[in-house]
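Just remember that our numbering sits 3 ahead of the position in the sequence shown, which is counted from 1. Glycine is no exception: its CB is placed at the ideal position from the N, C-alpha and C atoms. Fair warning: this is a prediction, and the values are worked out from it, not measured in the lab. Written below as structure tokens is the structure these notes are about.
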Amino acid sequence: MTPHQSPAVSNPDGFSEAKYSLRMAQDWLLIETLGAEPTVVAVGRQPKKMVPLPVILHRNRYLPAIVEAITRTVTEKIPITEPISGADRVIITQPLVLPTGEAHGLQLWFGSTSETPPERPIAGTWAWNIATGGTTLDEGCLHVNGITNGKPGEVQNIAESFQYIEPNPDEADALAKLVTSAPGEYHCATWDGKGDDDLPRRVHFCARICTDPVCSQNIVRGLNINVGTPGPAKPEQRPIILAQQLLAAVAEPGTHRALVDLRSFTLLKWVDDPMPNLAWQYDPSDEPRIHPEDLEKAKTMARGLRYGRTEDVIRLRSSEGDWLRVQATANLALLDQHTTAALVTLREVESAGPGPTTLSAQN
């Protein structure tokens, strides 16, 4: 993923534009409009890697009319049915808009006026505010992910979202982009997961880091669509599955491991089940998660990771609003060649009273 540019105009999926033109009337396009030009994320339920629209439709003489319909749809945030003057063709669109009002893209069908469009696949929109930690999902996104215990517009955090996602080959790469949060960066992938009904799902998504023009905060904005049921593990998934099995094998009773952003101490995802009684879910009050008197301990632990493992007892906010004394052990985790996080193991300390101020670093 390269900052400040859209994917190169190429044919990464190896499909024939001519063949696509012949079957256009059969498929809805899922189109993302957050970059410099519209990109195609899915054709029907077939995932695409954010292919620039002209790559797919460059042989289509109605491309200017289609682009105009896209612009109008995302600007006015309304569905349109637009017959093309002098032709027996029609453009039908459905905008994809967050409950907070931002348009991320649309679904588009183009075909003969004599044909009936196929059923439109449900697609979703979502956004993660990097500064506040809040993730907002629309009704379509909840459906795609199989989330029945939430409402459209209800805010959660990124770790809550990862509860629905199985480990995937490029997960570390995606997390690295979240940590660095460079505007213009984008990511597109197909990940397996399970919903609240515990049924397996295969979800294709795109994400782009945008700077909000009003609050100037960096926000990850995206679309997603269900593209089927997971099949047997692919070769590239097997090392990830093995790594998860190894992590599970060395898990100790009473401990809970999590990946944490070293810059902000944001919880990125749980490696094990979440720690009971810990206030880790989204909190609109933005109460501190680390006791103010222990914040310097956490910073010292983070700095010490350059030399080896660090550990200390730190007070973390409980779900009841008071403080839990937790033994925290941190190890450096490499997300990509240049980006790190902390793999933190938490164990509740039973005794009361202030935590120790000692810190150990082991090479």
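Start and end residues, alpha helix (DSSP H) containing residue i
i, result
"K180", "E174 to T183"
"K302", "L298 to G307"
"N148", "E142 to N148"
"E71", "L66 to E79"
"A162", "I161 to F165"
"V58", "L56 to L60"
Same chain only: Cβ atoms within 8 angstroms of residue i, ignoring 5 sequence neighbours per side
i, result
"D200", "G149 and T151"
"A72", "I83, E85, I94, T96 and L111"
"R266", "V182"
"G198", "N148, G149, I150, T151, Y167 and R204"
"D276", "H259"
Residues that DSSP places opposite residue i in a beta bridge
i, result
"F208", "A192 and N227"
"K154", "According to DSSP, K154 bridges with nothing at all."
"I222", "N132 and C213"
"H259", "L349"
"R320", "W326"
"Q284", "None, per the DSSP bridge assignment."
"I83", "T96"
"D315", "A331"
"Q49", "V46"
"G137", "N160"
"I125", "None; I125 has no bridge partner."
"T343", "L337"
Residue i, enclosing beta strand (DSSP E) - first and last residue
i, result
"E35", "L32 to E35"
"R328", "W326 to L337"
"A106", "A106 to S115"
"Q97", "R92 to V100"
"G265", "The sequence given here has Leu at residue 265, not Gly. Per DSSP, L265 belongs to no beta strand (DSSP E) and is neither H nor E."
"L202", "Premise fails: L202 is in no beta strand (DSSP E) and is neither H nor E."
Contact under 8 angstroms by Cβ, residue i with residue j
i, j, result
"P3", "I212", "Residue 3 is absent from the structure shown; the chain starts at 4 and stops at 366."
"L101", "T128", "yes"
"Q220", "A134", "yes"
"L109", "T76", "yes"
"T116", "D141", "no"
"L56", "T42", "yes"
"R350", "T258", "yes"
"A344", "V263", "yes"
"V46", "M53", "no"
"D325", "A175", "no"
"C218", "E35", "no"
"L337", "R260", "no"
"A367", "T342", "Summary: the structure shown does not reach residue 367, with the chain confined to residues 4 through 366, and so no result is reported for it."
"P98", "I87", "no"
"L281", "S322", "yes"
"P2", "Q29", "Coverage of the chain is limited to positions 4 through 366, which leaves residue 2 absent and any answer about it impossible."
"R205", "P233", "yes"
"G136", "Y285", "yes"
"L202", "H107", "no"
"E314", "T303", "no"
Residues near residue i by beta carbon distance below 7 angstroms, same chain, minus five either side
i, result
"I293", "F268, A301, I317 and L319"
"E290", "R320"
"M278", "H259 and L349"
"L335", "L308, T343 and A345"
"N132", "Q220 and I222"
"T214", "P186 and N221"
Beta-carbon proximity list for residue i, same chain, < 6 angstroms, skipping 5 on both sides
i, result
"I125", "G143 and H146"
"S164", "T138"
"L33", "V44, A45, Q110, A126 and I228"
"L25", "In this prediction, L25 has a pLDDT of 41, which is less than 50 and means its spatial position is unreliable; what the coordinates show is noted afterwards. Counting only Cβ-Cβ distances below 6 angstroms, and skipping sequence neighbours, we find nothing."
"Q330", "V316, R350 and V352"
"A305", "L265"
"L298", "none"
Cutoff 8 angstroms: residue i Cβ touching any chain D Cβ
i, result
"T313", "Chain labels in this structure do not include chain D; a single protein chain is all it has."
query: Can at least three beta-carbon pairs, one atom from the region 177-194 and one from the region 152-160, be found at a separation below 8 angstroms?
result: Below 8 angstroms, too few C-beta pairs join the region 177-194 and the region 152-160 to call them touching: fewer than three.
message: Under 8 angstroms: do the region 299-314 and the region 215-228 share three or more Cβ pairs, one atom per stretch?
response: Cβ pair count under 8 angstroms is below three, so no.
message: Taking contact to mean 3 or more Cβ pairs, one atom from each stretch, closer than 8 angstroms, check whether the region 56-70 and the region 173-185 are in contact.
response: Fewer than three beta-carbon pairs drawn from the region 56-70 and the region 173-185 are found closer than 8 angstroms, and the two stretches are therefore not classed as touching.
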